[in-house]
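Everything below concerns the one structure shown next.
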Amino acid sequence: MRELILSPSLLSADFGNLRAELATLEEAGLKWVHWDVMDGLFVPNITFGPPVIKALRKTSRLFFDVHLMIERPERYIQEFAEAGADLLCVHAESTLHLERTLSAIRDNGMQVGLSLNPGTPLNILEYVLPQLDMVLIMSVNPGFGGQSFIPFCREKICDLKNMIQKKNLSTLIQVDGGVTLDNARELFELGADILVSGSAFFGFPPYNKRHQAFLEAVA
Ligand code: DX5
Ligand code: ZN
Numbered sequence: 051m052r053e054l055i056l057s058p059s060l061l062s063a064d065f066g067n068l069r070a071e072l073a074t075l076e077e078a079g080l081k082w083v084h085w086d087v088m089d090g091l092f093v094p095n096i097t098f099g100p101p102v103i104k105a106l107r108k109t110s111r112l113f114f115d116v117h118l119m120i121e122r123p124e125r126y127i128q129e130f131a132e133a134g135a136d137l138l139c140v141h142a143e144s145t146l147h148l149e150r151t152l153s154a155i156r157d158n159g160m161q162v163g164l165s166l167n168p169g170t171p172l173n174i175l176e177y178v179l180p181q182l183d184m185v186l187i188m189s190v191n192p193g194f195g196g197q198s199f200i201p202f203c204r205e206k207i208c209d210l211k212n213m214i215q216k217k218n219l220s221t222l223i224q225v226d227g228g229v230t231l232d233n234a235r236e237l238f239e240l241g242a243d244i245l246v247s248g249s250a251f252f253g254f255p256p257y258n259k260r261h262q263a264f265l266e267a268v269a
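The numbering of the sequence shown is the working numbering, which starts it at 51 and goes up by one.
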């Protein structure tokens, strides 16, 4: 039996209280937390970077799932490793020498993730898939929380699942954007292993009950 991993996106958390938010997630039984790093170029918003992650790393045992929405992420790989990221996920659209960037993440001791915008085809994965621990299927255009799931991404998750199975790999599939209690089961059945949820998670405390509700939705 596959088990769902829920990775709450801190984008919808209380930025003034991140330490307490992380502690509450841990108490609520969450294992992962999703950090949306934005640079104001790749996407319009600016959020947080390595210093904030590093400061909070000391306070938390959660698995730090770091989603970089920044231009030329290769410039900051070592900094994110030193900050304590467990998994570093870059966008295929943001880096020119993709293989080199992915290898650098591995060489810096982190798990390797690659994210694709909704409009980016899966064929970019053809040669690099064996290098990846996780593929992130963006199911909204990145930059903002609270958007609606783009319907064609269902087919994309399914096609990716087939691609992974055909190549006999165990790459995890993460889905991010517009995930709710209503579509969680469908996404899990299509092949998602990790669901990211921002507004549909943090908007509905207490977090232990909300976490339980997501697990029950896919059971
Ligand atoms: C969007 C971010 C997502 C976002 C998801 O750019 O990558 O992680 O926080 O938010 P919801 O779950 O509200 O769509
Ligand atoms: Zn994200």
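By construction, the Cβ of each residue, glycine as well, lies at the ideal position given by its N, Cα and C atoms.
Computed from a predicted structure; not experimentally measured.
Considering only C-alpha positions, which residue in the set G196, E236, H84 and G79 is nearest to Q262? Residue numbering aside, residue 262 sits at position 212 when the sequence shown is read from its first letter. Of the candidates G196, E236, H84 and G79, the one whose C-alpha sits nearest the C-alpha of Q262 is G79.
Just how far apart, CA to CA, sit I155 and Q181? On the sequence shown, position 105 is the one that residue 155 refers to. On the sequence shown, position 131 is the one that residue 181 refers to. Those two C-alpha atoms are separated by around 10 Å.
Assigned secondary structure, F194 (DSSP; H/G/I helix, E/B strand, else coil): By 1-based counting over the sequence shown, the position of residue 194 is 144. Coil.
Taking the alpha carbon of Q161 as the point to measure from, which residue in M188, T221 and V246 has its own alpha carbon closest? Mapped onto the sequence shown, residue 161 falls at position 111. Checked all of M188, T221 and V246; the closest Cα to Q161 is T221.
Output the distance between the C-alpha atoms of L118 and A142, rounded to the nearest integer angstrom. Residue numbering aside, residue 118 sits at position 68 when the sequence shown is read from its first letter. Residue numbering aside, residue 142 sits at position 92 when the sequence shown is read from its first letter. For L118 and A142, the distance between alpha carbons rounds to 11 Å.
Leaving out five residues on either side along the sequence, give the residues of the same chain with a beta carbon under 8 Å from the beta carbon of K81. One-based indexing of the sequence shown puts residue 81 at position 31. So the list reads I55, L112 and F113, once near-sequence residues are dropped.
Report all residues from its chain with a CB closer than 6 Å to the CB of G195; omit the five preceding and five following residues, and keep chain order. The sequence position of residue 195 within the sequence shown is 145, counting from 1. For G195, where only same-chain residues beyond five positions count, the Cβ hits under 6 Å are L61, S62, G248 and S249.
Report yes if the C-beta of M119 is less than 7 Å from at least one heavy atom of the ligand DX5; otherwise report no. Working through the sequence shown from its first residue, we reach residue 119 at position 69. Yes, the beta carbon of M119 sits closer than 7 Å to at least one heavy atom of the ligand DX5.
Is P100 helix, strand or coil when you go by DSSP? Taking the sequence shown and counting its residues from 1, the one referred to as residue 100 is at position 50. Three-state DSSP puts P100 in a helix.
Quick check: what's the CA-CA separation for I207 versus E132? Residue numbering aside, residue 207 sits at position 157 when the sequence shown is read from its first letter. Residue numbering aside, residue 132 sits at position 82 when the sequence shown is read from its first letter. C-alpha separation (whole angstroms): 32 Å.
Assuming V185 contacts I127 (C-beta within less than 8 Å), just tell me the rounded distance between them. Working through the sequence shown from its first residue, we reach residue 185 at position 135. Working through the sequence shown from its first residue, we reach residue 127 at position 77. Between I127 and V185 the Cβ distance is about 18 Å, and since that is not below 8 Å, they are no contact.
Validate contact between the stretch 96-107 and the stretch 64-75 using beta carbons, cut 8 Å, 3 pairs: These segments touch.
Return the Cβ separation of D115 and V83 in integer angstroms, given the expectation that the two are a contact with Cβ distance under 8 Å. As a working mapping, residue 115 is identified with position 65 in the sequence shown. As a working mapping, residue 83 is identified with position 33 in the sequence shown. At roughly 7 Å, the Cβ-Cβ gap stays under 8 Å, so D115 and V83 are in contact.
Compute the beta-carbon to beta-carbon distance between G163 and M188, rounded to the nearest angstrom, for a pair I have assumed lies under 8 Å. As a first step, residue 163 must be located in the sequence shown, where it is residue number 113. As a first step, residue 188 must be located in the sequence shown, where it is residue number 138. At roughly 12 Å, the Cβ-Cβ gap does not stay under 8 Å, so G163 and M188 are not in contact.
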